Each structure stands twice: as C-alpha cells, then as structure tokens.
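Below: one structure, written as structure tokens.
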Amino acid sequence: MKKKHIITRRTALITSVTALASYWMYRTVKSPQVPTYGSILRSGDNFTYEAQRALLSKRALAKEYSRGDISSFPATGTLDPGDEKSKNYKKDYALTHRNDFSDWKLSVEGRVARPGSYTLGALKNMSARTQITRHTCEEGWTAVAEWTGVSLSQLLLHAGIFPSARFVNFYAYDDYQDSIDMIDAFHPQTILAYGMNGRPLPIQHGAPLRLRVETQIGYKSMKYLRRVVVTDNYVDPGDSGWAWYTGI
Amino acid sequence: MHTSWVKITHWIGTISFLLLVYSGIEILMVHPRLYWGDVGNDLTPALFELPISRNYHHHGYTAPQPFFTSTHSPVSAGRTYDIFNENGWGRSLHFLNAWVLVAVGLIYLMAGLYTRHFQRNLLPARREMRFSALARDMAGHFRHGVAFVRGPDYGLLQKLSYCLVLFILVPTIVLTGLTMSPAVAASYPWLLTIFFGAQSARTIHFFCAVLLILFLIVHVVMVIRSGFRKHMRAMTIGKT
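If you read the protein sequences in the order shown, they are chains S and A.
Residue 92 in my numbering sits at position 92 of the first sequence; the count goes up by one each step and never skips.
Take any residue in the second sequence, note its place counting from 1, add 1000, and you have its number in my numbering.
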C-alpha cells in the first residue's frame, strides 16, 4: 500500500514522546554513574537510581511506627567480628569490645574541614534522634525497631563538610565498605545509631555504631562502623555482586 | 487484524513478563514465607510458606534474646544458616524487566486510548454483559472447543479476562511492587495504606503473579486449541 508522506497528528505525537524519552535516557546514561562492571543489570540499577532521584521526594520521611509495633528482628550477615570463629574476625574489634567500647572511636575524614575522631560519648553528647522504622531486607523480610543515634547530617556539618562533597563512604570492622550520596546522607532519618529498642545496640545488630538509611534496602544500613570518609568522587569498592543503589 | 503496536507491545511484554517470573521465583526462593501487615520475618509467624528452596523451614538461628523484660517481648536471634541467596542478579534482573514492562505498558495504554482499541475491542459493551451470555460462553469453551477468530473480534469471556489482566492484575502487581520499595513508600505513604502494609503488598504481589501465570497458561492453551499457526501469523508477520 502506497502512502503519501504527510505528518499526521499521530506521528507527530509519537515522535515527540519518543524524542523526549530518548533524550532523558541519553542524559541519564551519560551522567556520572557508579560502575556497572560491564553488566546490563547494573546499568538497570543505575537507571532506577536516576529515575527515583528525578521522580521521588528527596525529603519525604519513611513511615514511623509506635512502640507497640516493635517486632522480632533477625540479625543476619556478620554476627560478631570479635568472634575468633567468624570468617570476619578482627582482633581490634575483640579488644575494643572487651573494653565495652570505651576506647572505640569513629574516624571522620576526607573532604571535611575538621577531620577527627569521635568517641561513643562524644556522639551521645550530640543531640539524638529516636525513630521507630521498618527495616526492609533484600531477602524479602521486614522488621520494626526503635533506633537512637545522631543524625549523619549533624555529624557531617560538625566536621565541616565541603560543598563539593558528593559521597559519604563507610568502612566497617567486618571489612564491609559502601557509600551513599548526599541526598541520603542528609536525609533527616539517616542516622548513626548507638541504641536499639531503648538499649545499647546489641553486638549482633552492629555495636557500637551502625548506619540507618531508611529510604534504602537493609544492606545499606551497615553495621560495626569504624570510619567515615567524605569524597567528591565515587570510591569503587569493587563489584560486590549487589546493586549500589537500592531504593527499591 | 492486530495492529503493529499491539504486536510489538505484546511480544516485548511477553519477554519481560517471562523474565520477571524467572527472577521473581528466584527472589521468592530466598524468603519463601508470606505474611500480612507491615512486618514479617523468620522470627514472626507466617501466613504460609512455600517449600521451594533449602531456606524452607530452616531453623539456623542462635537462641532468641528478648528485647524487653515483658513476657511476650519481641526477640532477636542471629542467623547461623547459610541461606540460598542469588538476589544479586535476581533483584537487578527483576527491576530491569519491571522497567521494560512499565515502559511498554505505558505505550500500550496511550496507544489503546488514542486509537480507541480499548473501547472498541476490549471493554464488553453493556448489552453483552449478561450473566446468561457469560454462562453460554463458558459452557461453549468446554463443550465445543474454541474456534479461530480473526483479529480482535473477541468473545465475552476473552474480553473479560483480557480486561482483568490489563486493567486490574498488571496495575496491581506494579503498585504492590512499588509499595515494597522503601524510597517509593516514603514518598507515597498511601501505598502502604491501600495494600495494608509492606508484607501484605508482597503477598498480593505474589497472588497477582500466580493469577498472571494461570492466565498465560490458559491463553497459550486457547491459542493452541484454536489454531496455533494462524494465531502466530496474525500476531507476528500476518498482514490480513
């Protein structure tokens, strides 16, 4: 069937929608990204990151619960880096645990005006935030707990974070390393928790200090923190096999 | 005859759906327990459990420690069992194909509204919607088998099942999927309300998937019974 070459309303509509969508996808793909390690699946996760940052509120709070909603809570991953039988055994953790973490310090370094170390007492002297939130594990389960700690934004401002900073990297005793962007770092519910359900954070849940990122899946909320490094660029910890951004 | 945009969205949708089922089963195998409400984990009772991986009924936990001194205090326990977990690729494959399904679904929705395909071919007319007609169509399927019908001149039962899939099951499975996302649920907290919580959303997501798989099986059986070759032609390279 021969057709005359005229631009119908339909082709105009389809062409403009396709053009806009392609432009957005092109911008997404060419903007600085976390490494995909050559995997198309990882680029899908990066697309999710860009889409959620573009479409979702950056300040919206995750649902907070009442004390009666606090539930049983499995501890997974590393259960005690001070356990000699653990494959993540760390002698320095065992030692500081023996001292009831009185000599434990959180090192804050990188792109900050005042790098330094914070004892547990120093963190507890800062204004605290308590929140009862839902932990969503990538495995599919959820649990509700009350977390008490210092908001990460407060600590970063206290250390004098530079405006050029784009990532906050966390290093844990169990050799785990991960990072979050500034939107999650400055989210009001992103805290460094030293208390759980009204008591000091249990060893199984990351004592003496763990991260809580309530807008992402559980594995971003790292346990057993020892070092926080602020950077302008993404620090590549190597392919863990897991997506870097897990807002979904 | 099927229009080209119906054919294209049908096949891209099919591929992404099959990959979603594949990765979805993997994700479910990691935690084959389903719950109701906002909370559910190995230390809380399940609605039901599926015997689909070595994680089924595993009891690899340290002794439970109560959080509070009260008698029915929630507990904590450390997992000592090496669970099956391939979510590293499973989740990424699932969400990549969820994007494909959402994109192709939106194109389908816009084209369907624009060309009046939904009103003309899918939504049953009011005069068609009679119980006797439905009963007759249903009995006919069992008694006489199904004849090949050219193009989108669908029967009543067929229209209703397509509408159920397109306008109820697919939107519900997308929304319940989004409800499980901590970032999305923070921005749109009403999702947690309408689906009764994050774990209820997961359970509804599972049942929608079961119904969609059942639909796929019946759909393929119907295609085979009413002329597989003709249908495949009509849905791919067929022109008339």
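We treat Cβ as the ideally placed atom computed from N, Cα and C, and that holds for glycine.
These figures come from a predicted structure and were not determined experimentally.
Note that the C-beta distance between A193 of chain S and W141 of chain S is not below 7 Å. A distance below 7 Å separates the beta carbons of Y1056 of chain A and P1032 of chain A. Per DSSP, the continuous alpha helix (DSSP H) segment holding G44 of chain S begins and ends at I40 to L55. Boundaries of the alpha helix (DSSP H) harbouring V1221 of chain A: A1198 to R1225, taken from the DSSP string.
For P200 of chain S, the beta-bridge partners assigned by DSSP are S:G195. When Cβ-Cβ separations below 7 Å define contact, K90 of chain S makes no contact with chain A. The beta carbon of K58 of chain S sits closer than 6 Å to the beta carbons of I183 from its chain, once the five residues preceding and following it are set aside; these are given in chain order. Taking every protein chain shown into account, the CB of A1185 of chain A has 16 or more other CB atoms within 10 angstroms, so this residue is buried. In this structure, the beta-carbon distance from Y65 of chain S to V17 of chain S does not fall below 7 Å. Closer than 9 Å at the C-beta level to chain S, one finds these residues of the region 1165–1194 of chain A: G1177, L1178, M1180, S1181, P1182, A1183, V1184, A1185, A1186, S1187, Y1188, P1189 and L1192. Between H1059 of chain A and the set A:N1041, A:E1086 and A:F1068, the nearest pair of CA atoms involves A:N1041. N169 of chain S is bridged by DSSP to S:S179 and S:V229. For T1044 of chain A, a Cβ of chain S is located within less than 7 Å of the residue's own Cβ.
Boundaries of the alpha helix (DSSP H) around F1017 of chain A: S1004 to V1030. Around the Cβ of T133 of chain S, a 10 Å sphere holds 16 or more other Cβ atoms; the residue is buried. Between L1093 of chain A and L41 of chain S a beta carbon distance of about 6 Å is seen, short of the 8 Å cut, so the two are scored as contacting. In this structure M1180 of chain A touches A1201 of chain A by the C-beta definition: roughly 6 Å separates them, less than 8 Å. F1148 of chain A places its beta carbon less than 7 Å from that of S1226 of chain A. DSSP places R111 of chain S in the coil class of the three-state scheme, outside both helix and strand.
With fewer than 16 other beta carbons inside 10 angstroms of its own, A19 of chain S counts as exposed. Collapsing the DSSP output to three states places W244 of chain S in coil. Under DSSP, T142 of chain S shares a beta bridge with S:T136 and A:G1040. Within the region 1017–1038 of chain A, those residues whose Cβ lies closer than 7 Å to any Cβ of chain S are, in chain order, I1027, V1030, H1031 and D1038. Here I161 of chain S carries a strand assignment [DSSP, helix/strand/coil]. Proximity of the region 230–245 of chain S to the region 193–209 of chain S falls short of the contact definition, fewer than three beta-carbon pairs being nearer than 8 Å.
Taking 8 Å as the upper bound for CB-CB distance, Y176 of chain S and M222 of chain S are in contact here, some 6 Å apart. The beta carbon of A62 of chain S sits closer than 8 Å to the beta carbons of T133, R134, Q189, E214 and T215 from its chain, once the five residues preceding and following it are set aside; these are given in chain order. DSSP places A1077 of chain A inside the beta strand (DSSP E), whose first and last residues are V1075 to G1078. Apart from the 5 residues on each side of it in sequence, P1066 of chain A sits with its Cβ closer than 7 Å to the Cβ of S1073 and V1075 in its chain, given in chain order.
Taking one beta carbon from each stretch, the region 1101–1121 of chain A and the region 159–166 of chain S have fewer than 3 pairs nearer than 8 Å; the two do not touch. Neighbours of A1077 of chain A in chain S, taken as residues at a C-beta separation under 9 Å, are given in chain order as S72, F73, P74, A75 and Q204. Residue state for R59 of chain S is assigned as coil, using DSSP reduced to three classes.
Neighbours of S1070 of chain A across chain S, judged by C-beta separation under 8 Å, do not exist; the nearest C-beta is about 11 Å away. At a C-beta separation below 7 Å, A1135 of chain A has no neighbours in chain S, since its nearest C-beta there lies roughly 40 Å away. As summarised for the region 70–122 of chain S, the continuous alpha helix (DSSP H) elements at least 4 residues long and confined to that stretch are 91–98, given in chain order. Residue-level contact check: P1074 of chain A touches chain S, since one or more beta carbons of chain S fall below 7 Å from its beta carbon.
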